[in-house]
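Chains P, A, G, E, L and C, in that order, are what the protein sequence lines are.
Here the first sequence stands for residues 3 to 332, where the numbers follow the working numbering.
Here the second sequence stands for residues 3 to 332, where the numbers follow the working numbering.
Here the third sequence stands for residues 3 to 332, where the numbers follow the working numbering.
Here the fourth sequence stands for residues 3 to 332, where the numbers follow the working numbering.
Here the fifth sequence stands for residues 3 to 332, where the numbers follow the working numbering.
Here the sixth sequence stands for residues 3 to 332, where the numbers follow the working numbering.
Think of the CB as a built atom: it goes at the ideal place given N, C-alpha and C, for glycine as much as any other residue.
Please read all numbers here as calculations on a predicted model, not as lab measurements.
Data first, discussion second: the structure below is written as structure tokens.
There are 6 protein chains.
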Amino acid sequence: MVRLQPPGYLKLLQADTFQVSYAGAEANVLVSLSRFGHDTDYITKLPCSDVSEALVGTLRRHRVGVNNIVYGGERLGLYYLERGASQRPSKVIYDRKYSSISQAQRDEFDWDHIFEGTDWFHFSGITAALSPNMPDICEDACKAAKAHGVKISCDLNYRATMWSREEATRVMSHLAKYVDVMIGNEEDADNCLGIRPENTDVTGGKLDYSAYEAVARQIFERFGTTSVAFTLRGSISASENNWAAMLYQDGKAYYSKEYLIRLVDRVGGGDSFSGGLIYALLEGYDPQQAVEFAVAASCLKQTMEMDFNLSSVADVRRLMDGDASGRLQR
Amino acid sequence: MVRLQPPGYLKLLQADTFQVSYAGAEANVLVSLSRFGHDTDYITKLPCSDVSEALVGTLRRHRVGVNNIVYGGERLGLYYLERGASQRPSKVIYDRKYSSISQAQRDEFDWDHIFEGTDWFHFSGITAALSPNMPDICEDACKAAKAHGVKISCDLNYRATMWSREEATRVMSHLAKYVDVMIGNEEDADNCLGIRPENTDVTGGKLDYSAYEAVARQIFERFGTTSVAFTLRGSISASENNWAAMLYQDGKAYYSKEYLIRLVDRVGGGDSFSGGLIYALLEGYDPQQAVEFAVAASCLKQTMEMDFNLSSVADVRRLMDGDASGRLQR
Amino acid sequence: MVRLQPPGYLKLLQADTFQVSYAGAEANVLVSLSRFGHDTDYITKLPCSDVSEALVGTLRRHRVGVNNIVYGGERLGLYYLERGASQRPSKVIYDRKYSSISQAQRDEFDWDHIFEGTDWFHFSGITAALSPNMPDICEDACKAAKAHGVKISCDLNYRATMWSREEATRVMSHLAKYVDVMIGNEEDADNCLGIRPENTDVTGGKLDYSAYEAVARQIFERFGTTSVAFTLRGSISASENNWAAMLYQDGKAYYSKEYLIRLVDRVGGGDSFSGGLIYALLEGYDPQQAVEFAVAASCLKQTMEMDFNLSSVADVRRLMDGDASGRLQR
Amino acid sequence: MVRLQPPGYLKLLQADTFQVSYAGAEANVLVSLSRFGHDTDYITKLPCSDVSEALVGTLRRHRVGVNNIVYGGERLGLYYLERGASQRPSKVIYDRKYSSISQAQRDEFDWDHIFEGTDWFHFSGITAALSPNMPDICEDACKAAKAHGVKISCDLNYRATMWSREEATRVMSHLAKYVDVMIGNEEDADNCLGIRPENTDVTGGKLDYSAYEAVARQIFERFGTTSVAFTLRGSISASENNWAAMLYQDGKAYYSKEYLIRLVDRVGGGDSFSGGLIYALLEGYDPQQAVEFAVAASCLKQTMEMDFNLSSVADVRRLMDGDASGRLQR
Amino acid sequence: MVRLQPPGYLKLLQADTFQVSYAGAEANVLVSLSRFGHDTDYITKLPCSDVSEALVGTLRRHRVGVNNIVYGGERLGLYYLERGASQRPSKVIYDRKYSSISQAQRDEFDWDHIFEGTDWFHFSGITAALSPNMPDICEDACKAAKAHGVKISCDLNYRATMWSREEATRVMSHLAKYVDVMIGNEEDADNCLGIRPENTDVTGGKLDYSAYEAVARQIFERFGTTSVAFTLRGSISASENNWAAMLYQDGKAYYSKEYLIRLVDRVGGGDSFSGGLIYALLEGYDPQQAVEFAVAASCLKQTMEMDFNLSSVADVRRLMDGDASGRLQR
Amino acid sequence: MVRLQPPGYLKLLQADTFQVSYAGAEANVLVSLSRFGHDTDYITKLPCSDVSEALVGTLRRHRVGVNNIVYGGERLGLYYLERGASQRPSKVIYDRKYSSISQAQRDEFDWDHIFEGTDWFHFSGITAALSPNMPDICEDACKAAKAHGVKISCDLNYRATMWSREEATRVMSHLAKYVDVMIGNEEDADNCLGIRPENTDVTGGKLDYSAYEAVARQIFERFGTTSVAFTLRGSISASENNWAAMLYQDGKAYYSKEYLIRLVDRVGGGDSFSGGLIYALLEGYDPQQAVEFAVAASCLKQTMEMDFNLSSVADVRRLMDGDASGRLQR
């Protein structure tokens, strides 16, 4: 997607320039993984245009594989992001209806070819929500992945403007059966799988962990998901968030440290968590280390501009290992 | 529409900011007329969003009436503009499919209400090309305009990426019957009405006038159009154009002066010609003065950034009356 | 006025660009009210120039009425704003002496015409301070307003660089007799009306409310003012302020919630409070709701760039109703 | 003065940033001379403010002496500059009424102290036009300069918005008696001294030299001016000018080469001519070389942004000696 | 190299921002070839730093191979570019002494590995001039290339600040024996090979072709070079250049069309010529077509910002086939 | 040095513009002192180039003396600064090897001439670390200073990338004998003099004072240093630091207030402390006042962009005297 953002704290109607960047739920995850040293490949459909070329060039610059992208269709989705501050929320306005990927057909992706020699497949609930034929395409991919012994992770990523809780629950519960690592935020399990944490309030700054352990257990029990991870965001204000996560694995919940983040840009925070978690699991980190790595990675993302996490493994490890002082490096 | 443009001469894939402005064929004409002192009203359909609000605010700032805009639908069209230089052409990439206006229904516009107390109605061939139901909406408007004694002008504005010459000719020949003042560039009559000038070459810098007189006469004869105007652009390069126009009225062709323009931004040039011509005709200028005013107005537009002509009547008259020296005013 | 500001945290002498915007105490209030849905009309005097046109265009874009502005005189006032941070204060340098409005004559404003069909008249103590003939013009306006049954609000807005406490007290005590709703910050009552809160310290971060209740009562008793409102700003630093207000009505003080604001731009905070309060009173909010609305509105303003509050009623109500989390909206 | 300019070719009402620089007729001349290696001293009056400090810092950075500046008064003059292009003229809007220098008193300048050890005094007709007491101050300076054997140059610099031709002629004819080197453009002699060139047209691109020789002779005859110089600007458009000059000395006219300039910024062109001419005369160049140096210097100025000529002597000599190719230096 | 450039026409000492891009003689050629569809590989040595990473990312985004870059050493070269206009020349200030590549050792490059499966090797005289051990490294590369049957092209690229004509001639005459395609501008043959065209003047705007044919013949005769190409630049001013080229092959000179370019950025013009020529020769164009393609490609480059030619083959062919009108594409 | 910085919070590899400023440890100190009203003189060696001219102009604008700068050598050092936020550290990448000053020779500086009429000499440990011949040059300067009765201050300024602790300790222990006022941060005494505070942790936000008193006493005892000052930085995050200092004099430690700073730019913080301390000592402040002044000055610096402290004495005194509210000044 194209991301268009007024500079600084300007509201959309005050801006006569937009900062332009390129992003997308899965693309963000792949950039994380590429920068951590893994080979990646981005599967999507884009229209033939100079705008797509700019997006593809951006991915290529971060070493994300772009050779299996399908070209065609009418448009590239975009979104406007107005950055909030203090009590004023940030605001995202999507304009992605009728995008090429949303209009893609099942026979346009050769999943057997794609998954050859692949270790991991990640997709987002947003993708499943794009249009009526996307759930089938997602299922095609999941089936092929399973057939090739590829691990599957899914970020539930519920978007209320894209589908209702009922639709989301119908589709995502079906796809959940294929998923090895299920990722979501505090509200996703409720919205996408119909599993609700009790006694939680997402608009306060405090993080309430305990409720999520029960949710994770239910997911494991209902769908057989090996690992379930929840990011926990405590919104003190649009300028400051608490940030932590829980990883549920083998019947046990592992809680990360909690970071108080002075936000530079919180968009892409969840995707960088997924990227960090997949990296840690691929590298064989134990569950506690894995959730610490993923949370530290996504904490750093939120101190950077734009959707991508540009941290190195060393950057993440330094934070995860305890140096949160932000002390000048020279 | 939203207009997104890399700064200066950057190519789209080099840009990480876009200059944002708001534009549209009819909106551009209305801004010209508002700034020349007339009351105007913009009829369109826009989605409910902060982006629409930004567009509407921009029009309001230039005194264009916005109270009859219909709200609803899914998206606001946009276009990317990459500015060329010298031998490198400027490039426009449209992303306006499925815009709210293109999906509008006939019963959403109350033309009788709209045309009450109105003198003039202007529309663009682009609008007719937006979707299959737009020709009917245009015809509804034309019929209502006629019923209220409103003069009608139309800028043919052929866009090859929107429809074929066959479709354009079918639709525009039908609508042409309602039109009092027909406006086009060198290629429009051929593409939209099937009437071709002989022996002309639009890629050279020289302007060949004589051929257009015959075309205008045919339009008058076939559709009964009172006035026919052609803008004549001689593309020396992306940096310099010759610019002139012909107005055909009462069986006679009136040729304007020819200006050599060092282009700042040529987009909106045709619309500012329409705005200038409508103003001049409303004010009762004689044909020679009318075409001179319209050409001087659109010459000045092309020395300004963005789609709108921000000139005053006095600015246009000074140029039209002979002072093209650009001498510093203090 | 023209507002000129170095970008970000640059000091004036480091800047080679200024961000330009247009503002003014009463203009800011009117933009608030226009955006909340009321019809407004800005009464001032401006020189004939492209700079005035830019200011007027900006107001028009926010739907502020500009048809009764008087044109003439020599200059448009301006101010330079250097944004501070942490322990470094923001700094305003005014250059508004000899502005057209300050040189205006009493007979230039046709108050009877202006107040026809009007519900509310708002003016600022700054306007009264502009020049020796401004108090008379203000009084003319107040008298005419009273004659037309128009409610009057006044923001005391003391500026030490414009007049002495003695002058201010002489003029404002005289005008206070006409005022229905008197608005001020912690120091204004002392400086403009000679009524001093006891035991307060405005340079600390803590807000001391109780003292202001007594001040309000005295204003009510001395001038018969129906409503008295004080904004209370606790300056923790140039980056963070506490913000609250008190509304005194019918012998009772209503205290708002207190907000800790990470400041984006605190200039215009008081004006947006006035705008919010006038809106709430016009809508018939009860005193507690009115002061909550006004404080929430002005809290949001201070999270935005430039003088204007661009919030909608819905934005203000969401904050006032308790959601201060700044959680991303999409 | 503060100079405020919309970026690029934006019109004033399109801009939300201004490029800020600091300038002034005599300041511009001094920067030229300082950069050519001479010691200089700027005599003016400025208000005490951070804005003045920014101006003074700018001069200091170019090695202009600032130790004799008088501080006090109310404001610093400013001007808005809108850059034109092609047929659209550039536009200057002054806001310098009531500036500190215009309100200065005769006894604020200690001319005897100032002229100690000084070789040259330069002033502009603009300064004499600022207010009714400025002609006396200019005359004080001229008398003191004469008493100290200091050479005097004056750039007539007529500004129609500042005074009438009658006032200008009265004042400048009086001051002309003190002047050794009189400088002007094509229209100044007529407007300031009542001496009119015959058969000239400044709005065409062609330069008509011969008429100016007679004007110079009359100035010499009437005022005893040793040297008279006229810059000759042929305005092809706001983007391209022809530029040349004539120096009249000892009864003979010396014509410079003529340059076709693609303008970057023509403001300050005349001042850089004065700077170049004073330099050349101080260095003992012969008249032909002097006028060539001054024209080459001011040609280069007009290829730079802002009012100052930042060329070195070597830069000017290279152009004056024939290399106008603009060939890349590395 | 890092390229640092004041925005627009600002001089270096006026700038408080620099536009940053990444470039280099060979890198520029490779970007051209990559964008034309060929696989490429960049051989250089860079220090380990985030700045190198930025450069490498930029190359990767344009599909240039970066896997054989050697890391180590102390610094990355950089240059400052001040853009001239009209009579004011552009200016390059290099700061590349002690760069990692200049300090590289012969044994750091495994040429046999590098040339496996390669068709073409291109190097620049600049590289040979970087330090005393670079000629040997260049010769190593040339010998290995020959051994693998790889074609060799060399752009003489004389830089007077890097070495004397004597040194250049000694080194480049030695390396010339390996070169199949020798490329240079009007002065390179003289400076690097001691072969001087007669009666030519590079500072005028006119291009004098005939002299270069004799020079090319001498190069062919002395070094056995299959193809010799000269770019011919006529510097009308810093804003406008004439541009053409000659290709000498099989005893015959092929002259290209000549383009009058309104320069956006002439830096990288020669490199884009090399890129275009190599592409055309690899594709088997006949000599006339090859020189036309190379000149059209480099003409387009000079209408773009920064060092890289971002044109597609289709863009170049459209210009080469005659459409130089710069007419808007939509 | 040239300082190159991506705008805002962009990472180096995201930036296509850099903010340019000019800085250096001693230059920063001199700018502080110049702005506080003292005459200063900058001794360094710079290459002859427009970049040096830009640096020198910047110093001149702040009234720093530049007449004793030596010109020659090959390059001007530079550094890249990437601003961090929250848990993400800021990052400095130096590129100053082979700078002109680092290659300077002992006989290039005429210290006797330089120190004539001078009160104070300040140097930084960075300068001593630049190259093997710098310690001798520093010692030459110290000896000459002593001979002229000039007070000497030294900021230890350890940089791990420039030399090892062993080298630093060898050189700085030797130079320490000349120093009257020794300045450092928490780690410098350990790294440069081999004297280690006990039980301190610089990566936490808390400041631990007591340990530093013992370190200062040892420095006094070992080197006879009259005054020893340590700045104490508590890194809560890259966005917020605690900041304080201790001055040890006459056997007693004076502790300053502690400031919680919302950082705008912490680079140059130590230099502004040195500037403030030297000023206070030159003005005869008592030790408690001196350390308060120095800490308040450097607190303010860290709320400004770029390396320089642009505060006035009045600004510093207002903060030092207790007003840390950042309340708007108008």
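| What residues in its chain sit with their C-beta under 6 Å from that of L:Ile185, if we drop five residues either side in the sequence? | Asp157, Ala231, Ser276
| said: Strictly below 7 Å CB to CB, what residues from chain P border A:Arg77? | reply: Asp97, Lys99
| task | Flag this pair as yes or no: are the beta carbons of G:Arg37 and G:Leu283 separated by less than 8 Å? | result | no
| query | Run through DSSP, which three-state label would A:Lys344 get? | reply | Limits of chain A in this structure are 3 at one end and 332 at the other, which puts residue 344 of chain A out of reach.
| query | Given that G:Thr2 touches chain P, what residues does it touch there, using C-beta distances under 8 Å? | reply | Given a span of 3 to 332 for chain G in the structure shown, any question on residue 2 of chain G remains unanswerable.
| message | Within the continuous alpha helix (DSSP H) that includes A:Ser239, where are the two ends? | response | Careful: A:Ser239 lies outside any alpha helix (DSSP H) and carries neither H nor E.
| request: Could you name each continuous beta strand (DSSP E) segment of 3 residues or more that falls completely within the stretch 154-199 of chain A, going from the start of the chain to the end? | output: 183-186
| message | Assuming E:Glu84 is part of the beta strand (DSSP E), what are its boundary residues? | response | 80-84
| query | For L:His124, which residues does DSSP report across the bridge? | reply | L:Ser155
| task | Buried or exposed for G:Asn187, please, with buried defined as at least 16 other CB atoms from any protein chain shown within 10 angstroms of its CB. | result | buried
| said: Is the beta carbon of P:Thr233 closer than 8 Å to that of C:Gln89? | reply: no
| task | Count the other C-beta atoms from every protein chain shown that fall within 10 angstroms of the C-beta of E:Gly324, then say buried if there are 16 or more, exposed otherwise. | result | exposed
| Using the beta-carbon of each residue, which ones in chain C are nearer than 9 Å to P:Tyr261? | Ser88, Gln89
| query | Name the chain G residues that come within less than 8 Å of C:Thr305, Cβ to Cβ? | reply | Tyr11, Gly86, Ala87, Ser88, Gln89, Arg90, Ala240
| Segment limits, alpha helix (DSSP H) that includes P:Ala46 | The sequence as given places Thr at residue 46 of chain P; Ala does not occur at that position. Neither: P:Thr46 is in no alpha helix (DSSP H) and is coded neither H nor E.
| said: Along the chain, where does the alpha helix (DSSP H) containing E:Lys13 start, and where does it finish? | reply: From DSSP, E:Lys13 is part of no alpha helix (DSSP H); its letter is neither H nor E.
| query | Looking at C-alpha atoms only, which residue of A:Trp122, A:Phe117, A:Ile116, A:Gln105 is the closest neighbour of A:Ala130? | reply | A:Gln105
| request: Measure the C-alpha to C-alpha separation of P:Gly74 and L:Gly278 and round it to an integer number of angstroms. | output: 29 Å
| query | Taking 8 Å as the CB-CB cut-off, is G:Gly74 touching chain P? | reply | no
| message | Residues of chain A with CB closer than 7 Å to the CB of L:Asn330, please, in chain order. | response | Just to set this straight, residue 330 of chain L is Leu in the shown sequence, not Asn. In chain order: Pro91, Ser92, Val94, Arg268.
| query | What residues in the stretch 140-169 of chain E have a beta carbon less than 7 Å from any beta carbon of chain A? | reply | Arg161, Thr163
| field | Below-8 Å beta-carbon distance, E:Ala17 vs any chain L residue | value | no
| message | Using only CA atoms, which one of A:Met164, A:Ala147, A:Trp122, A:Ser155 lies nearest to A:Leu132? | response | A:Met164
| CA-to-CA distance, L:Val72 to L:Leu35, given in whole angstroms | 22 Å
| task | Please report the residue range of the beta strand (DSSP E) in which P:Arg5 lies. | result | 4-7
| 7 Å Cβ cut-off: residues of chain E touching A:Arg264 | Ala87, Ser88, Ser239, Ser241
| task | Answer yes or no: do G:Val22 and E:Ala25 have a C-beta to C-beta separation smaller than 8 Å? | result | no
| request: Measure the beta-carbon distance from L:Asp52 to C:Leu14 and round it to whole angstroms, keeping in mind my assumption that it falls under 8 Å. | output: 5 Å
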